[in-house]
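Numbering that gives the first Met the number 0 applies: residue 0 is where the sequence shown begins, and numbers increase by one.
All residues carry an ideal CB built from backbone N, CA and C; glycine is no exception.
If you're wondering where the values come from, they're calculated on a predicted model, not measured in any experiment.
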Amino acid sequence: MRHGGLLFLLIIGVLWVGIVNVQAGSEIRIQVDGEMLSSDVDPIIEQGRTLVPLRVVMENLGAKVTYQHESKTVIVQRFTREVTLKINSRQAWINDETVTLDVPATIVANRTVIPLRFVGQSLGAIVNWEDRTKTVVIDSSQLLLDAEEAEQEVFFLVNKAREQQGLNPLVWMDELADIARAHSQDMAEHDFFAHISPSTGDPAQRAQAYGLPGAAENIAAGYLDAKTVFDAWMLSPDHRANILDPGHRFIGIGVFCENDPADPYNGLYWTQEFIKGETVLLSPLPESTVTDKEIKVEGYSTESAVELTVYKMVDKKTYSEKYTIDVSVGDDGKFSEKISLDQGQGLYAIQVSEYDFRYVEYQ
Numbered sequence: 000m001r002h003g004g005l006l007f008l009l010i011i012g013v014l015w016v017g018i019v020n021v022q023a024g025s026e027i028r029i030q031v032d033g034e035m036l037s038s039d040v041d042p043i044i045e046q047g048r049t050l051v052p053l054r055v056v057m058e059n060l061g062a063k064v065t066y067q068h069e070s071k072t073v074i075v076q077r078f079t080r081e082v083t084l085k086i087n088s089r090q091a092w093i094n095d096e097t098v099t100l101d102v103p104a105t106i107v108a109n110r111t112v113i114p115l116r117f118v119g120q121s122l123g124a125i126v127n128w129e130d131r132t133k134t135v136v137i138d139s140s141q142l143l144l145d146a147e148e149a150e151q152e153v154f155f156l157v158n159k160a161r162e163q164q165g166l167n168p169l170v171w172m173d174e175l176a177d178i179a180r181a182h183s184q185d186m187a188e189h190d191f192f193a194h195i196s197p198s199t200g201d202p203a204q205r206a207q208a209y210g211l212p213g214a215a216e217n218i219a220a221g222y223l224d225a226k227t228v229f230d231a232w233m234l235s236p237d238h239r240a241n242i243l244d245p246g247h248r249f250i251g252i253g254v255f256c257e258n259d260p261a262d263p264y265n266g267l268y269w270t271q272e273f274i275k276g277e278t279v280l281l282s283p284l285p286e287s288t289v290t291d292k293e294i295k296v297e298g299y300s301t302e303s304a305v306e307l308t309v310y311k312m313v314d315k316k317t318y319s320e321k322y323t324i325d326v327s328v329g330d331d332g333k334f335s336e337k338i339s340l341d342q343g344q345g346l347y348a349i350q351v352s353e354y355d356f357r358y359v360e361y362q
C-alpha cells in the first residue's frame, strides 16, 4: 500500500493569439486582488461599456485560455468551469449555459478584449469600478474551487490515464469519497498535512470505520485545480503507482477548500482513496448483531451481477445450511438486496467473494 503527499500550487499559463483591430480607448487601470496589472493593451470604452484585455485578467485569476483560429473562438478554463466566446459575437457559453454579452468580444492590437461585467459573470469574481481613479477593481478572494466538480474532473482524469495504460476503469464509491472529503477537511481545519490524523488514524482505520477493507491514499495541498494536482500526482512515482495499480477497483475523491489567507496551502486540500476487490460489501459491518430477521445487504461491484451466499453457522468455522442469491448491479456499480435469516436465531455468514465474509448474529 502506498501513500503520498504533494505540496505547492501552480497557476496555469495562457496562450494568446489576436487577429483584428479596433479603436483603443482611455487610460483605465486594472487592479486584481490589490495588484495593479500591466498590459500592452489598455481597457477601452465601447458602446458605453468598459472592455478589458482578456489575457491579463484571466491569467491573473488562474485561468487557462486557448484560441481557435478557424472558428475565432476563445475558450477560458478555470477549475472545471469552461467559458466559450466567439470574436464579434454577443453570444457566449458558461459550461452549457448560453449567455448574452452587452457588447461582443473583439480584438484590439492583436489582443482579445471582453466586457468587464462578463469577467464577474463568467468566473464569479467581484468586479467594481472606482470612478475617481478610473480603476477596474477585481476581487477573487471569494472565488473558490467548486469542490464537487473538481472531484469529478480528477475522477475523469484517473480513468483516462488508466484507459491509456490498458487498465480497467475505477468505480466511484460514495463512501470512499466521504472518507476522502472528511480527511481533506480534517487537514484544513486542524493545520496538518499527513496521512495519519490525530483524530481518525491512518487510511486503513478510516476505511475500516465504514466496514471497508484497508485503503491506499494520495493527498495534496495548495493546488488550484484538478488538472494541475493530477499532473503532479502522475509525476510522483508513489502517487502514480496508486492511480495505475491494476488491483485497484474503487475510488473516492474528496476536495476541501476555504478562503483562509493564513493557511499555507490556500485552504485547498485533496485526497484520493483506493481499494481493491471486484466486489465490496458495505453492510452489514464485519460483525453485526440484529434483531430483525430481514436485513439489507449493500455494496459495490465491477461485475454486472454478484452472487451472495448466506450460511447458517454452527460456529465461525462450520456451517449447517447455505443458500445463494443472484443480485443485479446498477450502472453506478451499486447493489442492494434484502435477505431473510430464515434458519432461526444464531450466527450467519454472508459471503460475496473468496475472502469477504460478514458475520451477523441474529437474536
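- Contact annotation: the stretch 278-298 does not touch the stretch 198-205, with fewer than three C-beta pairs closer than 8 Å.
- Residue 84 sits in a strand when the DSSP states are folded into three classes.
- Between residue 122 and residue 60 a beta carbon distance of about 6 Å is seen, short of the 8 Å cut, so the two are scored as contacting.
- Distance from the Cα of residue 179 is smallest, within the candidate group 230, 190, 148, 253, for 253.
- A contact between stretches requires three or more CB pairs, one per stretch, nearer than 8 Å, and the stretch 230-250 fails this requirement with the stretch 184-196.
- Rounded to whole angstroms, residue 170 and residue 327 show a C-alpha spacing of 16 Å.
- Residue range 236-242 is occupied by the alpha helix (DSSP H) that includes residue 242.
- Inclusion of residue 206 and residue 106 in the CB contact set at 8 Å is not warranted, their separation being larger than that value.
- In the three-state reduction of the DSSP assignment, residue 315 falls in the coil class.
- The C-alpha of residue 223 is placed about 25 Å away from the C-alpha of residue 91.
- By the Cβ-count criterion, residue 227 is buried, with 16 or more other Cβ atoms from all chains shown falling within 10 Å of its own Cβ.
- When rounded, the separation of the alpha-carbon atoms in residue 69 and residue 86 is 11 Å.
- By the beta-carbon neighbour count (other beta carbons within 10 angstroms, threshold 16), residue 294 is buried.
- Sixteen is the threshold: when 16 or more other Cβ atoms of the shown chains lie within 10 Å of the Cβ of residue 63, as they do, the residue is buried.
- Counting only unbroken stretches of 3 or more residues, no beta strand (DSSP E) element lies wholly within the stretch 152-216.
- About 38 Å separates the CB atoms of residue 270 and residue 135; that is not less than 8 Å, and the two are not in contact.
- The beta carbon of residue 312 sits closer than 8 Å to those of 318, 319, 345, 346, 347, 348, 358, all from its chain and outside the five residues before and after it, given in chain order.
- Excluding sequence positions up to five before and after residue 233, its CB lies within less than 6 Å of the CB of 239, all in the same chain and listed in chain order.
- Here the C-alpha atom of residue 214 lies approximately 6 Å from the C-alpha atom of residue 272.
- Judged by DSSP secondary structure, residue 121 falls within the alpha helix (DSSP H) whose first and last residues are 115-122.
- Around the Cβ of residue 117, a 10 Å sphere holds 16 or more other Cβ atoms; the residue is buried.
- Counting the other CB atoms within 10 Å of its CB gives residue 187 a total of 16 or more, which places it among the buried residues.
- Residue 300 places its beta carbon less than 8 Å from that of residue 334.
- Of 120, 184, 114, 102, the smallest CA-CA separation from residue 81 is found for 120.
- For residue 339, same chain residues with a beta-carbon under 7 Å away, outside a window of 5 residues either side, are 292, 293 in chain order.
- Assigned with DSSP and collapsed to three states, residue 108 falls in coil, not helix or strand.
- The Cβ-Cβ distance between residue 146 and residue 256 falls below 8 Å.
- Shown here, residue 346 sits in a strand according to DSSP, grouped into three states.
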